[in-house]
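In what follows, a structure is listed as structure tokens, so that the remarks can point back to it.
Number of protein chains: 2
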Amino acid sequence: MQVGSDILSHGGRQLVITHDSTATATPMTFSLFLPPQAERGAVPLVTYLSGLTCTHANVTDKGEYRRSCAELGLAFLAPDTSPRGEGVADAEGWDIGLGAGFYIDATEMPWSANYRMWSYVTDELPALVAAEFPALDMGAQAITGHSMGGHGALTVALRHPGRFRSVSAFAPIVAPSQVPWGEKAFSHYLGADRDAWRAHDAVALIEGGARVPALKVDVGGADPFLERELRPELLEAACHNAGQRLELAVRPGYDHSYHFVSTFMADHLAWHAERLR
Amino acid sequence: MQVGSDILSHGGRQLVITHDSTATATPMTFSLFLPPQAERGAVPLVTYLSGLTCTHANVTDKGEYRRSCAELGLAFLAPDTSPRGEGVADAEGWDIGLGAGFYIDATEMPWSANYRMWSYVTDELPALVAAEFPALDMGAQAITGHSMGGHGALTVALRHPGRFRSVSAFAPIVAPSQVPWGEKAFSHYLGADRDAWRAHDAVALIEGGARVPALKVDVGGADPFLERELRPELLEAACHNAGQRLELAVRPGYDHSYHFVSTFMADHLAWHAERLR
Numbered sequence: 001m002q003v004g005s006d007i008l009s010h011g012g013r014q015l016v017i018t019h020d021s022t023a024t025a026t027p028m029t030f031s032l033f034l035p036p037q038a039e040r041g042a043v044p045l046v047t048y049l050s051g052l053t054c055t056h057a058n059v060t061d062k063g064e065y066r067r068s069c070a071e072l073g074l075a076f077l078a079p080d081t082s083p084r085g086e087g088v089a090d091a092e093g094w095d096i097g098l099g100a101g102f103y104i105d106a107t108e109m110p111w112s113a114n115y116r117m118w119s120y121v122t123d124e125l126p127a128l129v130a131a132e133f134p135a136l137d138m139g140a141q142a143i144t145g146h147s148m149g150g151h152g153a154l155t156v157a158l159r160h161p162g163r164f165r166s167v168s169a170f171a172p173i174v175a176p177s178q179v180p181w182g183e184k185a186f187s188h189y190l191g192a193d194r195d196a197w198r199a200h201d202a203v204a205l206i207e208g209g210a211r212v213p214a215l216k217v218d219v220g221g222a223d224p225f226l227e228r229e230l231r232p233e234l235l236e237a238a239c240h241n242a243g244q245r246l247e248l249a250v251r252p253g254y255d256h257s258y259h260f261v262s263t264f265m266a267d268h269l270a271w272h273a274e275r276l277r
Numbered sequence: 001m002q003v004g005s006d007i008l009s010h011g012g013r014q015l016v017i018t019h020d021s022t023a024t025a026t027p028m029t030f031s032l033f034l035p036p037q038a039e040r041g042a043v044p045l046v047t048y049l050s051g052l053t054c055t056h057a058n059v060t061d062k063g064e065y066r067r068s069c070a071e072l073g074l075a076f077l078a079p080d081t082s083p084r085g086e087g088v089a090d091a092e093g094w095d096i097g098l099g100a101g102f103y104i105d106a107t108e109m110p111w112s113a114n115y116r117m118w119s120y121v122t123d124e125l126p127a128l129v130a131a132e133f134p135a136l137d138m139g140a141q142a143i144t145g146h147s148m149g150g151h152g153a154l155t156v157a158l159r160h161p162g163r164f165r166s167v168s169a170f171a172p173i174v175a176p177s178q179v180p181w182g183e184k185a186f187s188h189y190l191g192a193d194r195d196a197w198r199a200h201d202a203v204a205l206i207e208g209g210a211r212v213p214a215l216k217v218d219v220g221g222a223d224p225f226l227e228r229e230l231r232p233e234l235l236e237a238a239c240h241n242a243g244q245r246l247e248l249a250v251r252p253g254y255d256h257s258y259h260f261v262s263t264f265m266a267d268h269l270a271w272h273a274e275r276l277r
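Here the protein sequences come in this chain order: S and E.
Numbering-wise, my numbering puts 222 at position 222 of the first sequence, and it's gapless, one number per residue.
Numbering-wise, my numbering puts 57 at position 57 of the second sequence, and it's gapless, one number per residue.
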């Protein structure tokens, strides 16, 4: 584990760390904010999964989470969105390959060699930070994410009952099996068998009986991807039919950018903090 | 005036605008945040001058000012730090040339052709935004800045008595005539006559009788430039001798980065807002 930076920020420590990942067989970089409360005792952990084209750096620079995390005593973990580096498969377009790992373990060649972000974010990374940062209370976790990372947060939480007390998402892809981004990525990474896709589709998981204890989703009303890629109405219907409580808000005028994420970040973190206490 | 982007953020509008500058004879790009209160009436304006190597984008992405500005009803204006583009003089090193305009009107060739940031930030830009955005209350202005931009904020305020109700700075260069960054830049831009430098040296201006109504400065205790380039003790001594009230704080452990700026941004904006009411 190589600490690339460790900077005092809002009273806490903003770390950026690179390590050799077993899951992806590449170096991986993530950021971790430790609030000031971590100096004195255990703190809950919020994991944030980023969207297409992003690295750990987008939310670390533009997410505006540190002030709230410092006030609320939350640690904030932000992994990369795909493996990177020499020899890692890539393709034309920003919706597949580098920056577009979709939080799955690819089964198809050439992706299966490195695109194992599911194993990375569900197993390897939490085990690493738990071992290296004893101040993290791994019994008090929440998860959130943006766009493709909202998809990641929802599916990771739905498939790990008991691990997360709350899950939220900013403009998530809720039904990748039914939208162009997801259909393209899953075809390449998981192959043509659509049954295999259901394990990575939040709407399908809820239809199949998976539940989370608390679920909050915000989408921007002026998000250009709303109708074609995000389709929050599919999540709303699935939750309604399943009796899964969902706090869904459409925020008029907001787009898909970090201006939207940062505007509602404080709300989401306060909501998680209530459930993590 | 070309509006590059106009995005809803924290309830207000984050604009990025490019225009042809008469002062610099180049296109110039700036960002302007209009808080939600600007929809209903006049709002005070805080101008933020950035540091070496920066454009408008650094503080716009990483300054974390929008939440506070939206709460307090402040507009926030962030110009670039130098002219840019084809034919604009540059030199080796990041402490002179592009990104290093030092908020002066250069008198020496080749810099004098475009490096006229003093005229740009004191005359042209305020006139432009006042004309284009009637919601800005130009009678209620404050100014702040970071590093080289802290130098800019101090000197602009000291030489425009009555224009700014308050001036603050994050890790400012307070005495450019006495430190390597300033000596290098002023030699190139203003020539060898050190008397001409005094008009752009906050400590010299205070020694010469200039005053501001309210002055607040924060510096990071772990700032690597503290002892050699920033030298806040020189400002402290000049203010003490001159009877200029100064609220100076050294923040233990903070560096020179936007982690420092963003941590104390909310404090500075609240302090300005009190004086702008």
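For each residue, glycine too, the CB sits at the ideal point set by N, CA and C.
Let me know the secondary structure DSSP gives residue i once reduced to three states.
i                 : result
Phe-76 (chain E)  : strand
Glu-247 (chain E) : strand
Met-1 (chain E)   : coil
Ser-68 (chain S)  : helix
Thr-263 (chain E) : helix
Leu-218 (chain S) : Note that residue 218 (chain S) is Asp in the sequence shown, not Leu. Asp-218 (chain S) falls in the strand class under three-state DSSP.
Ala-192 (chain E) : coil
Arg-315 (chain E) : Residue numbering for chain E in the displayed model covers 1 to 277; residue 315 (chain E) lies beyond these limits and cannot be assessed.
Ala-204 (chain S) : helix
His-19 (chain E)  : strand
Leu-8 (chain S)   : strand
Ala-199 (chain E) : helix
Ala-270 (chain E) : helix
Ala-242 (chain S) : helix
Gly-97 (chain E)  : strand
Val-212 (chain S) : coil
His-256 (chain E) : coil
Val-59 (chain S)  : helix
Ala-89 (chain S)  : coil
Let me check understanding here. Comparing Cα to Cα, which of the options lies closest to residue i?
i                 : options                                    : result
Ala-222 (chain E) : E:Arg-251, E:Ala-210, E:Val-203            : E:Arg-251
Tyr-258 (chain S) : S:Ala-23, S:His-10, S:Ser-50, S:Gln-2      : S:Ser-50
Ser-168 (chain S) : S:His-151, S:Asp-201, S:Thr-29, S:Pro-180  : S:His-151
Val-217 (chain S) : S:Tyr-254, S:His-188, S:Pro-172, S:Ala-204 : S:Pro-172
Tyr-254 (chain E) : S:Ala-175, S:Trp-271, S:Gly-93, S:Arg-13   : S:Arg-13
Met-28 (chain S)  : S:Leu-98, S:His-188, S:Ala-204, S:Ala-130  : S:Leu-98
Ala-106 (chain E) : E:Ala-199, E:Leu-8, E:Ala-266              : E:Ala-199
Leu-190 (chain S) : S:Ser-112, S:His-146, S:Leu-52, S:Gly-41   : S:Ser-112
Glu-124 (chain E) : E:Phe-225, E:Ala-25, E:Leu-246             : E:Ala-25
Thr-18 (chain S)  : S:Ala-38, S:Leu-52, S:Pro-83               : S:Pro-83
Val-76 (chain S)  : S:Phe-186, S:Ala-38, S:Asp-90              : According to the sequence provided, residue 76 (chain S) is Phe. The question's Val does not apply to it. That would be S:Ala-38, whose Cα lies nearest to the Cα of Phe-76 (chain S).
Ala-273 (chain S) : S:Val-16, S:Ser-9, S:Pro-35, S:His-10      : S:Pro-35
Phe-225 (chain E) : E:Ile-143, E:Asp-193, E:His-256, E:Ala-127 : E:His-256
Ser-9 (chain E)   : S:Ala-202, S:Ser-262, S:Leu-276, S:Ala-270 : S:Ser-262
Leu-248 (chain E) : E:Ala-242, E:Phe-260, E:Pro-232            : E:Pro-232
Arg-40 (chain E)  : E:Phe-260, E:Gly-87, E:Glu-227, E:Leu-74   : E:Leu-74
Leu-15 (chain E)  : E:Ala-23, E:Tyr-103, E:Met-1, E:Phe-33     : E:Phe-33
Val-3 (chain E)   : E:Asp-195, E:His-188, E:Ile-206, E:Phe-133 : E:Phe-133
Gly-149 (chain S) : S:Met-265, S:Gly-101, S:Arg-245            : S:Gly-101
Asp-80 (chain E)  : E:Gly-93, E:Thr-60, E:Gly-162              : E:Thr-60
Gly-93 (chain S)  : S:Leu-72, S:Trp-118, S:Thr-53              : S:Thr-53
Val-205 (chain E) : E:Phe-186, E:Asp-193, E:Pro-176            : It should be pointed out that residue 205 (chain E) corresponds to Leu in this sequence rather than to Val. The shortest Cα separation from Leu-205 (chain E) among E:Phe-186, E:Asp-193, E:Pro-176 belongs to E:Pro-176.
Ala-23 (chain S)  : S:Gln-244, S:Ala-91, S:Glu-227, S:Met-117  : S:Met-117
According to the Cβ coordinates, are residue i and residue j closer than 8 Å?
i                 : j                 : result
Ser-21 (chain S)  : Tyr-115 (chain S) : no
Val-219 (chain E) : Leu-158 (chain E) : no
Ala-214 (chain S) : Ser-166 (chain S) : yes
Gly-11 (chain S)  : Ala-70 (chain S)  : yes
Thr-144 (chain S) : His-268 (chain S) : yes
His-188 (chain E) : Glu-86 (chain E)  : no
Val-156 (chain S) : Tyr-103 (chain S) : yes
His-146 (chain E) : Phe-164 (chain E) : no
Leu-154 (chain E) : Ala-202 (chain E) : yes
Leu-234 (chain S) : Gln-178 (chain S) : yes
Ala-127 (chain S) : Arg-275 (chain S) : no
Ala-89 (chain S)  : Pro-110 (chain S) : yes
Along chain C, which residues have their Cβ under 7 Å away from the Cβ of residue i?
i                : result
His-10 (chain E) : Of the protein chains in the structure, S and E, none is chain C.
Exercise. Do the segment 129 to 141 of chain E and the segment 36 to 52 of chain E meet, that is, are 3 or more Cβ pairs less than 8 Å apart?
Worked result: yes
Problem set entry | Contiguous beta strand (DSSP E) assignments of at least 3 residues, all confined to the segment 103 to 178 of chain E | 136 to 145, 164 to 170
For this session: Could you say if the segment 237 to 244 of chain E and the segment 182 to 199 of chain E meet the contact criterion of at least three C-beta pairs nearer than 8 Å?
Result: no
For this session: Flag this pair as touching only if the segment 65 to 73 of chain S and the segment 86 to 100 of chain S have three or more C-beta atom pairs under 8 Å; answer yes or no.
Result: no
Exercise. Which ranges would you report for the beta strand (DSSP E) in the segment 24 to 53 of chain E if only whole runs of at least 3 residues count?
Worked result: 27 to 34, 43 to 49
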